[in-house]
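See below for the structure under consideration.
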Amino acid sequence: MTRALREAPLQTEPSETLDPKNWDDIRSLGHRMLDNMIDYAADIRDRPVWQPIPEEVRARFRAELPRKPCDLDEVYREFTDFIVPYATGNVHPGFMGWVHGGGTAVGMLAEMLAAGLNANLGGRDHIPIEVERQIVEWTRRMFGFPDKASGIFVTGTSMANLMAVLVARTTALGRSVRQRGLSDDGALLTAYTSKAAHGCITKAMDIAGFGSDALRCIEVDRSHRIDVAALRARIALDRGAGLRPFLVVGSAGTVDIGAIDDLRTLSSLCREEGLWFHVDGAYGALGILSPTLAPRLAGLENADSIALDFHKWGQVPYDAGFLMVRDGDRHRDTFSAPAAYLRRETRGLSAGSSWPCDLGPDLSRGFSALKTWFTLKTYGTEKLGAVITRTCALAGYLEARILAEPRLELLAPVQLNIVCFRYRADDANRVNGKIVIDIQESGIAAPSTTLLDGRLAIRAAIVNHRTDTDDLDALLAAVLRFGAVRTRAA
Ligand SMILES: Cc1ncc(COP(=O)(O)O)c(C=O)c1O
967 MTRALREAPL
977 QTEPSETLDP
987 KNWDDIRSLG
997 HRMLDNMIDY
1007 AADIRDRPVW
1017 QPIPEEVRAR
1027 FRAELPRKPC
1037 DLDEVYREFT
1047 DFIVPYATGN
1057 VHPGFMGWVH
1067 GGGTAVGMLA
1077 EMLAAGLNAN
1087 LGGRDHIPIE
1097 VERQIVEWTR
1107 RMFGFPDKAS
1117 GIFVTGTSMA
1127 NLMAVLVART
1137 TALGRSVRQR
1147 GLSDDGALLT
1157 AYTSKAAHGC
1167 ITKAMDIAGF
1177 GSDALRCIEV
1187 DRSHRIDVAA
1197 LRARIALDRG
1207 AGLRPFLVVG
1217 SAGTVDIGAI
1227 DDLRTLSSLC
1237 REEGLWFHVD
1247 GAYGALGILS
1257 PTLAPRLAGL
1267 ENADSIALDF
1277 HKWGQVPYDA
1287 GFLMVRDGDR
1297 HRDTFSAPAA
1307 YLRRETRGLS
1317 AGSSWPCDLG
1327 PDLSRGFSAL
1337 KTWFTLKTYG
1347 TEKLGAVITR
1357 TCALAGYLEA
1367 RILAEPRLEL
1377 LAPVQLNIVC
1387 FRYRADDANR
1397 VNGKIVIDIQ
1407 ESGIAAPSTT
1417 LLDGRLAIRA
1427 AIVNHRTDTD
1437 DLDALLAAVL
1447 RFGAVRTRAA
């Protein structure tokens, strides 16, 4: 200890605690915060979906590090005035960009309760870990995985996909890869996914040390499903060249148009070829809860691992990503790392091994399981499944309206809950790009864009449980209105 520290006067009063002097003060403000956030969700339609951030508001968040205390009322006022109005907008039913869940008031309350407990779910023997284990067990049953399966909450599917690549790597090369690194054997490993797969899989191969070139992005059919014959041929070619195929990543709901690969055929191929079969089910995997979609996910039950997000179609507030691995030993072999300060016991707070820190890179972890537990218990899987089914029916409604409107063109078959279309125009890519920005800035809706065969699409991903036909009508009316303005201006 330094001399200065040794000689610092010890406060005998609890004056340095961060607790309030008067708990009733924070109680009344806390109740107001809660009321306001419940109103925020209840009255969300009165707000613009999104609005641009004025420069002076942005500048407020370039402030100096606060050295002195500030009244909580004042900090909260900054939140209501400068943060709430400029949030992403995905609570709003008009938000259809990317793949964003809408959240629920139940999830919000659960998040507050989790923060109150301030539990660290890296490990140890406490009931929050049992709540996470409960979700693992429910998810295992949802997907028909064996008893031996393991699961863990992570930030999102990007992280879950990366972890799955690492589990597949350890399985292919043995545990020693964790000491020796990829070395010469690792340099021969090749993985396979489709051209329509999410970019985080390429990123995972890069981060895992294989390099993105070791990922073969296979052609897709007209519906954006992986071409299994081309996949087979590429695996054979690579084997012929002395390489070691080790992993296939199938998609259950591609990000662009919602295609589901033929998971059953992929699982058979992986079994024949001795490859790890991982499924990126970021949003689509929870389609298993919808009786109409579940048959299309056949084969998912044979996967070696599944990545999914409860924060997308599951409507749990961010973040609540999840990785499930069929063989929990493989999962633990990849991440468990004994340390003296994490010694396990059979009694006391250090009991209850194995711990979540044995299943992933994180040691300190929050209680994402609680908001998921509240969501699953409060709504039940039937209702959540019905929400998923309905978002697909709404996509069908939007598709029908687009097909009936000569000024619009559908750019991809609607397979799930994603609709890609454009306003017909010369210079259509430029015009449609502008239309999307115009709509976002109008606050009417928030679609996003993607490129399909070089054509810029307006992309509406209907994920939010609040979205209704009125919101889709408003989106189309805005596309037609801004389309007319933009083509007149051209
Ligand atoms: C198919 C697919 N995979 C992976 C991801 C990445 O998930 P996350 O944003 O939770 O990391 C997404 C995100 O939309 C996705 O749609």
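Okay, so the sequence shown: first residue is 967 according to the working numbering, each after it adds one.
Note that beta-carbon positions come from the ideal geometry of N, C-alpha and C, so glycine has one too.
Could you pull the start and end residues of the beta strand (DSSP E) that residue i belongs to?
{"i": "residue 990", "result": "Premise fails: residue 990 lies in the alpha helix (DSSP H), 989–1008, not in any beta strand (DSSP E)."}
{"i": "residue 1217", "result": "1210–1217"}
{"i": "residue 1334", "result": "Segment 1334–1369 is the alpha helix (DSSP H) holding residue 1334; no beta strand (DSSP E) there."}
{"i": "residue 1155", "result": "1155–1160"}
{"i": "residue 1287", "result": "1287–1291"}
{"i": "residue 1416", "result": "1414–1418"}
{"i": "residue 1375", "result": "1374–1376"}
{"i": "residue 1427", "result": "1421–1427"}
Does the Cβ of residue i have 16 or more other Cβ atoms within 10 Å, making it buried, or fewer, making it exposed?
{"i": "residue 997", "result": "exposed"}
{"i": "residue 1359", "result": "exposed"}
{"i": "residue 1430", "result": "buried"}
{"i": "residue 944", "result": "Since the first residue shown for the chain is 967 and the last is 1456, residue 944 is missing from the structure and cannot be characterised."}
{"i": "residue 1002", "result": "exposed"}
{"i": "residue 1406", "result": "buried"}
{"i": "residue 1334", "result": "buried"}
{"i": "residue 1036", "result": "exposed"}
{"i": "residue 1181", "result": "buried"}
{"i": "residue 1222", "result": "buried"}
{"i": "residue 1191", "result": "buried"}
{"i": "residue 989", "result": "exposed"}
{"i": "residue 1028", "result": "exposed"}
{"i": "residue 983", "result": "exposed"}
{"i": "residue 1284", "result": "buried"}
{"i": "residue 1207", "result": "exposed"}
{"i": "residue 1258", "result": "exposed"}
{"i": "residue 1127", "result": "buried"}
{"i": "residue 1077", "result": "buried"}
{"i": "residue 1278", "result": "buried"}
{"i": "residue 1307", "result": "exposed"}
{"i": "residue 1111", "result": "buried"}
Residue i lies in the alpha helix (DSSP H); which residues open and close that run?
{"i": "residue 1389", "result": "It is not in any alpha helix (DSSP H) - residue 1389 instead sits in the beta strand (DSSP E) that spans 1384–1389."}
{"i": "residue 1206", "result": "1194–1206"}
{"i": "residue 1135", "result": "1123–1139"}
{"i": "residue 1075", "result": "1071–1083"}
{"i": "residue 1120", "result": "Residue 1120 -> not in any alpha helix (DSSP H); beta strand (DSSP E) instead, spanning 1116–1120."}
{"i": "residue 1144", "result": "1143–1146"}
{"i": "residue 1166", "result": "1165–1173"}
{"i": "residue 1106", "result": "1093–1109"}
{"i": "residue 1405", "result": "1394–1408"}
For the putative contact between residue i and residue j, defined by C-beta atoms under 8 Å, what is the C-beta separation to the nearest angstrom?
{"i": "residue 1367", "j": "residue 1289", "result": "Not confirmed; about 38 Å, so no contact."}
{"i": "residue 1282", "j": "residue 1067", "result": "7 Å"}
{"i": "residue 1433", "j": "residue 1059", "result": "4 Å"}
{"i": "residue 1316", "j": "residue 1265", "result": "So it is not a contact: roughly 41 Å between Cβ atoms."}
{"i": "residue 1154", "j": "residue 1241", "result": "Not confirmed; about 14 Å, so no contact."}
{"i": "residue 1374", "j": "residue 1386", "result": "That pair is no contact at about 11 Å."}
{"i": "residue 1218", "j": "residue 1250", "result": "4 Å"}
{"i": "residue 1061", "j": "residue 1055", "result": "5 Å"}
{"i": "residue 1271", "j": "residue 1130", "result": "4 Å"}
{"i": "residue 1136", "j": "residue 1146", "result": "12 Å between Cβ atoms; not a contact."}
- What are the complete alpha helix (DSSP H) segments, minimum 4 residues, inside the region 1001–1056? Within the region 1001–1056, the complete alpha helix (DSSP H) segments at least 4 residues long are 1021–1026, 1038–1044, listed from N- to C-terminus.
- Where are the beta strand (DSSP E) runs, 3 residues long or more, that stay fully inside the region 1211–1282, in chain order? Complete beta strand (DSSP E) runs here, min 3: 1242–1246, 1271–1275.
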